[in-house]
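Student: A single structure is presented below for examination.
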Amino acid sequence: MAENLRILTTKLRDALAQLPYLPRALALVWAAARGWTIAWAVLLVVQGLLPVATVTLTRSLVDSLVAIMGAGGAWETIRPTLVLAGLMAGVMLVTQLLGSATGQIRTAQSELVRDHITALIHRKSIAVDLAFYDSPDYYDHLHRARIEGSYRPVALLESMGGLLQNGITLVAMGAVLIPYGPWLPFALLFSTLPAFYVVLRHNLRQHQWRLRTTADERRAWYYYWLLTAREAAAEIRLFRLGDHFQAAYQTLRRRLRGERLQLAKDQGLAELGAGFTALLVTGGAMAWMVWRALQGLASLGDLALFYQAFNQGQGLMRSLLGSVGRIYSNSLFLGNLFEFLELEPQVVDPSQPSPAPSPLKEGIRFRQVTFRYPGSERAALQDLNLTIPAGQIVAIVGPNGAGKSTLIKLLCRLYDPQAGHIELDGVDLHDLQIEELRRRITVLFQEPVHYNATVAENIGVGDLAATPSAAEIEAAAQAAGADEPIARLPQGYDTMLGKMFAGGTDLSVGEWQRVALARAFLRQAPIVVLDEPTGAMDSWAEANWLRRFRRLASGRTGMIITHRFTTAMYADIIHVMHDGRIVESGNHHELLAQGGRYAQSWTAQMQGANQND
Ligand code: ATP
578 MAENLRILTT
588 KLRDALAQLP
598 YLPRALALVW
608 AAARGWTIAW
618 AVLLVVQGLL
628 PVATVTLTRS
638 LVDSLVAIMG
648 AGGAWETIRP
658 TLVLAGLMAG
668 VMLVTQLLGS
678 ATGQIRTAQS
688 ELVRDHITAL
698 IHRKSIAVDL
708 AFYDSPDYYD
718 HLHRARIEGS
728 YRPVALLESM
738 GGLLQNGITL
748 VAMGAVLIPY
758 GPWLPFALLF
768 STLPAFYVVL
778 RHNLRQHQWR
788 LRTTADERRA
798 WYYYWLLTAR
808 EAAAEIRLFR
818 LGDHFQAAYQ
828 TLRRRLRGER
838 LQLAKDQGLA
848 ELGAGFTALL
858 VTGGAMAWMV
868 WRALQGLASL
878 GDLALFYQAF
888 NQGQGLMRSL
898 LGSVGRIYSN
908 SLFLGNLFEF
918 LELEPQVVDP
928 SQPSPAPSPL
938 KEGIRFRQVT
948 FRYPGSERAA
958 LQDLNLTIPA
968 GQIVAIVGPN
978 GAGKSTLIKL
988 LCRLYDPQAG
998 HIELDGVDLH
1008 DLQIEELRRR
1018 ITVLFQEPVH
1028 YNATVAENIG
1038 VGDLAATPSA
1048 AEIEAAAQAA
1058 GADEPIARLP
1068 QGYDTMLGKM
1078 FAGGTDLSVG
1088 EWQRVALARA
1098 FLRQAPIVVL
1108 DEPTGAMDSW
1118 AEANWLRRFR
1128 RLASGRTGMI
1138 ITHRFTTAMY
1148 ADIIHVMHDG
1158 RIVESGNHHE
1168 LLAQGGRYAQ
1178 SWTAQMQGAN
1188 QND
């Protein structure tokens, strides 16, 4: 008993803890669909009162039918009956009409709310730090916000609507019942309490189960994606991975399904018990009323009204409590959405930003920079010092995992280092407005996005704010060496790229790389950062491209990350990175003369190249 009481109080406490989400959820709905929400509320109140009109009319109708029979069918008794029947038909018609109008209003309202919430989720996804994408916890949050956020507020609204409408009807029905016995409304309440407890308990258990299984659900989604995505299709076939991933998916789904069915079974049993109690109370109340009718204390019309009112009242009470349960459950799940919307970026603007240096006079400096990725023990950069003089081209070379791409991410403030400073002309990046900083940098990332859009759009998104002209897009394509492959496409710059939409054409990896490079070049930023720009280029294209790049970058500050020494050798300064530090610096000839890592790797690469010839 004490244990049950403790469980109940814990549940009540949990339920109350969710209440603050209710006003927020309603504010969301209000912000998204004000007019529709008002119309919806008015209709609900009217619909809440209609059933009471129906039962009251039923009583009068039955009583007047009895009167007709008593008077042997006299016209004076028939006429009021006809009026009553007409009224009854009118109420039924209005009920139908309002039902259909509510359906339409709800559709408009739910579509608006859904789009509003999706927009909030999108805005937050864009605003959060890149670091969030490194954490599985973030994906759990996002997954829940995406799945639950899209329909829970509308479901919440529906349950609140149910609560309002049924509440009004119930209070009116209670008032109708009181003359027959003041205890009847309490009997109604008592008969539905077990069902209420069952609903609350089930909702809480279901919510806890969903929280526990989010990661598993995401994994199942991941297998689903692998089995159906274009990116994986070739390997899935070649390595015959289809059965493997399908089996993994099914194993996970089987477990999740089993747990879910078990929850449903438990709920079903509990509902059965609750329903039995309700039946007993109805039976008792009806027996009492029949006894009264037999005693001549109630008319047939009273009996009809009582049956309808009590029976409907019980149904209403159950759905009312069901609504309370659903409100509880929906607000539990909405907690997920609000938790997601509350994620705050750590990489933020300074309160008093310094003006960004323009043009760049001294250059970029990394001073004693140490950086670890979130959740990682190992430092990707360790006490790193690096200078990139303004107007020069610097190449960064080094083995895989040395930390080269990490430099770019820190320079763009996609992450902040744990120690040290990064400066533009002596101004710390922390003192610059993030947008100002990013506008001054253009980047070709190692894995650029392949936009399923036209060639012109793929390049144009490099600087949407400048609304680039066709000539500017073509100039960028030329500088990137993308003009030749584009000329071979069926509709040139208007060719749709990617295979996601009708009429799309795909490009080779190297061609995609050049289109992305054109995108980076389109933005007239003073700092140009290129991660492996020649990685997918053949050696003829590479030499040709490098000459053009030097011309294009003249007057700008360039940073090229590359594994190819034939690319690096054209830079003004080459920095060699190893284990998160710069270990050698100089131009090509100086580094060869030093005889260090660069010289050794150069010799090895050249020998390899000669053997291949
Ligand atoms: P490559 O030549 O292969 O592109 P790189 O020199 O550009 O390598 P970085 O991508 O900068 O290397 O990675 C440096 C180190 O940081 C690597 O050890 C890598 O495992 C680690 N790392 C990179 N990204 C993350 C991340 N998001 N979370 C945790 N560790 C990361």
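For the sequence shown, my numbering begins at 578 and goes up steadily by one. Glycine included, C-beta positions come from ideal geometry on N, C-alpha and C.
Report the residue from T635, Y728, E939 whose alpha carbon sits nearest the alpha carbon of T695.
Tutor: The count along the sequence shown starts at 1 and reaches residue 695 at position 118. Closest by alpha carbon: Y728.
Student: With a threshold of 16 other CB atoms inside 10 Å of the CB of M750, please say whether the residue is buried or exposed.
Tutor: Here residue 750 refers to the residue found at position 173 when the sequence shown is read from its first residue. Looking at its Cβ environment, which holds 16 or more other Cβ atoms inside 10 Å, M750 is buried.
Student: What would DSSP say about G940, mapped onto helix, strand or coil?
Tutor: Residue 940 sits at position 363 when you count from the first residue of the sequence shown. In the structure shown, G940 sits in a strand (DSSP, three-state: E or B).
Student: Quick one: measure Cβ to Cβ for T769 and L898, integer angstroms, because I've assumed they're closer than 8 Å.
Tutor: On the sequence shown, residue 769 is found 192 positions in, with the first residue counted as 1. On the sequence shown, residue 898 is found 321 positions in, with the first residue counted as 1. About 6 Å; that satisfies the 8 Å criterion.
Student: Less than 8 Å separating the beta-carbons of I645 and T658?
Tutor: As a working note, residue 645 is residue 68 in the sequence shown. As a working note, residue 658 is residue 81 in the sequence shown. Result yes, Cβ atoms of I645 and T658 sit closer than 8 Å.
Student: Determine, using beta carbons only, whether V971 and I965 come nearer to each other than 8 Å.
Tutor: Walking along the sequence shown from the start, residue 971 turns up at place 394. Walking along the sequence shown from the start, residue 965 turns up at place 388. Cβ distance < 8 Å, so V971 and I965 count as in contact.
Student: In terms of residue numbering, what span does the beta strand (DSSP E) encompassing R1133 cover?
Tutor: Numbered from its first residue, the sequence shown carries residue 1133 at position 556. Per DSSP, R1133 belongs to no beta strand (DSSP E) and is neither H nor E.
Student: Beta-carbon within less than 7 Å of T635's beta-carbon, same chain only, minus the 5 sequence neighbours each way: which residues are those?
Tutor: By one-based count along the sequence shown, residue 635 stands at place 58. Contacts found: A881, L882, Q885.
Student: Checking 8 Å against the spacing of the C-beta atoms, do A618 and L911 come in under that value?
Tutor: Here residue 618 refers to the residue found at position 41 when the sequence shown is read from its first residue. Here residue 911 refers to the residue found at position 334 when the sequence shown is read from its first residue. Cβ distance not < 8 Å, so A618 and L911 don't count as in contact.
Student: Closer than 7 Å: is that where the CB of A957 sits relative to any heavy atom of the ligand FAD?
Tutor: Here the bound small molecules are the ligand ATP; the ligand FAD is not part of this structure.
Student: Given A1054, which residues of its chain have a CB within under 7 Å of its CB, disregarding the five upstream and five downstream residues?
Tutor: Position 477 of the sequence shown, counted from the start, is the residue given in the question as residue 1054. For A1054, where only same-chain residues beyond five positions count, the Cβ hits under 7 Å are I1036, D1060, I1063, A1095.
Student: List, from N- to C-terminal side, the beta strand (DSSP E) runs of 3 residues or more that fit wholly inside the region 887-936.
Tutor: DSSP runs (the beta strand (DSSP E)) wholly in the region 887-936: none.
Student: When you compare the region 1073-1083 with the region 1028-1035, are there three or more beta-carbon pairs, one atom per stretch, that lie closer than 8 Å?
Tutor: With the cut-off at 8 Å, the region 1073-1083 and the region 1028-1035 touch.
Student: Does DSSP put Q1177 in a helix, in a strand, or in coil?
Tutor: Position 600 of the sequence shown, counted from the start, is the residue given in the question as residue 1177. If DSSP states are grouped into helix, strand and coil, Q1177 belongs with the helices.
Student: Which one or two residues does DSSP pair with V536 in a beta bridge?
Tutor: This structure gives no information on residue 536, because the portion of the chain shown stretches from 578 to 1190.
Student: Determine the direct distance from the alpha carbon of W798 to that of T1139, and round the result to whole angstroms.
Tutor: Here the question's residue 1139 lines up with position 562 in the sequence shown. Here the question's residue 798 lines up with position 221 in the sequence shown. So the alpha carbons of these two residues sit roughly 36 Å apart.
Student: For a quick check, are the C-beta atoms of H699 and F917 less than 8 Å apart?
Tutor: Counting from 1 along the sequence shown, the entry for residue 699 is found at position 122. Counting from 1 along the sequence shown, the entry for residue 917 is found at position 340. Cβ distance not < 8 Å, so H699 and F917 don't count as in contact.
Student: Tell me the residue span of the alpha helix (DSSP H) that contains V753.
Tutor: Against the sequence shown, residue 753 aligns to sequence position 176. Segment 729-754, the alpha helix (DSSP H) holding V753.
Student: May I ask which residues mark the beginning and end of the beta strand (DSSP E) holding V629?
Tutor: Sequence index remark: in the sequence shown, residue 629 carries index 52 (1-based). V629 -> not in any beta strand (DSSP E); alpha helix (DSSP H) instead, spanning 611-647.
Student: For E735, which option in L846, T679, W868, Y716 has the closest C-alpha, if you only look at C-alpha atoms?
Tutor: Here residue 735 refers to the residue found at position 158 of the sequence shown. The option with the nearest alpha carbon to E735 is T679.
Student: Indicate whether A933 and E1000 have their beta-carbon atoms separated by less than 8 Å.
Tutor: Within the sequence shown, the letter at position 356 stands for residue 933. Within the sequence shown, the letter at position 423 stands for residue 1000. For A933 and E1000, no; Cβs fall outside 8 Å.
Student: Might you give, ordered along the chain, the residues of its own chain that have their beta carbon closer than 7 Å to the beta carbon of R990, omitting 5 neighbours on each side?
Tutor: The residue you call residue 990 lines up with position 413 of the sequence shown. V924, L1006, I1011, L1014, listed in sequence order.
Student: What separation, rounded to the nearest whole angstrom, lies between the Cα atoms of M737 and E653?
Tutor: One-based indexing of the sequence shown puts residue 737 at position 160. One-based indexing of the sequence shown puts residue 653 at position 76. M737 and E653: Cα-Cα distance of roughly 46 Å.
Student: Go through the residues and name those whose CB comes closer than 5 Å to any heavy atom of the ligand ATP, in chain order.
Tutor: For the ligand ATP, the selected residues are D711, Y950, S953, A957, N977, G978, A979, G980, K981, S982, T983.
Student: So, for F1098: in the same chain, excluding its five sequence neighbours on each side, which residues have a beta-carbon less than 6 Å away from its beta-carbon?
Tutor: Locating residue 1098 in the sequence shown gives position 521, where the first residue counts as 1. Once the five neighbours on either side are set aside, the close Cβ partners of F1098 are A1053, A1056, A1057.
Student: With DSSP collapsed to three states, give me the class of G850.
Tutor: To locate residue 850, count along the sequence shown from 1; it is residue 273. Residue state, collapsed to three classes: helix.
Student: Report the rounded CA-to-CA distance for Y1147 versus P951, giving the unit in angstroms.
Tutor: By one-based count along the sequence shown, residue 1147 stands at place 570. By one-based count along the sequence shown, residue 951 stands at place 374. Between Y1147 and P951, the C-alpha separation is close to 35 Å.
Student: Starting from H1152, follow the beta strand (DSSP E) in both directions and report where the run begins and ends.
Tutor: Within the sequence shown, numbered from 1, the residue matching residue 1152 stands at position 575. Start and end: 1150-1155.
Student: Does A1102 pass the burial test, meaning 16 or more other C-beta atoms within 10 Å, or should it be called exposed?
Tutor: Taking the sequence shown and counting its residues from 1, the one referred to as residue 1102 is at position 525. Buried, because 16 or more other Cβ atoms sit within 10 Å of the Cβ of A1102.
Student: Who are T1082's beta bridge partners in DSSP?
Tutor: Position 505 of the sequence shown, counted from the first residue, corresponds to residue 1082. T1082 pairs with L1074.
Student: Quick check: the region 936-945 against the region 813-824, are at least 3 beta-carbon pairs closer than 8 Å?
Tutor: They do not touch, by the three-pair rule.
Student: Between K986, T805, I904, I941, which has its C-alpha nearest G1003's C-alpha?
Tutor: Your numbering for residue 1003 matches position 426 in the sequence shown. Looking at the Cα atoms, I941 is the closest of the given residues.
Student: Whether or not the region 859-866 and the region 752-771 are in contact is what I'm after, with contact meaning three or more pairs of Cβ atoms, one per stretch, closer than 8 Å; do they touch?
Tutor: Enough Cβ pairs lie closer than 8 Å, so yes.
Student: Quick one: grab the DSSP three-state call for P771.
Tutor: Position 194 of the sequence shown, counting from 1, holds the residue named residue 771. Residue state, collapsed to three classes: helix.
Student: From the DSSP output, which residues share a beta bridge with V1106?
Tutor: Along the sequence shown, one-based indexing puts residue 1106 at 529. Answer is V1020, M1136.
Student: Relative to the C-alpha of D1115, which candidate in E1088, I703, V748, R787 has its C-alpha closest?
Tutor: Counting from 1 along the sequence shown, the entry for residue 1115 is found at position 538. The shortest C-alpha separation from D1115 is found at E1088.
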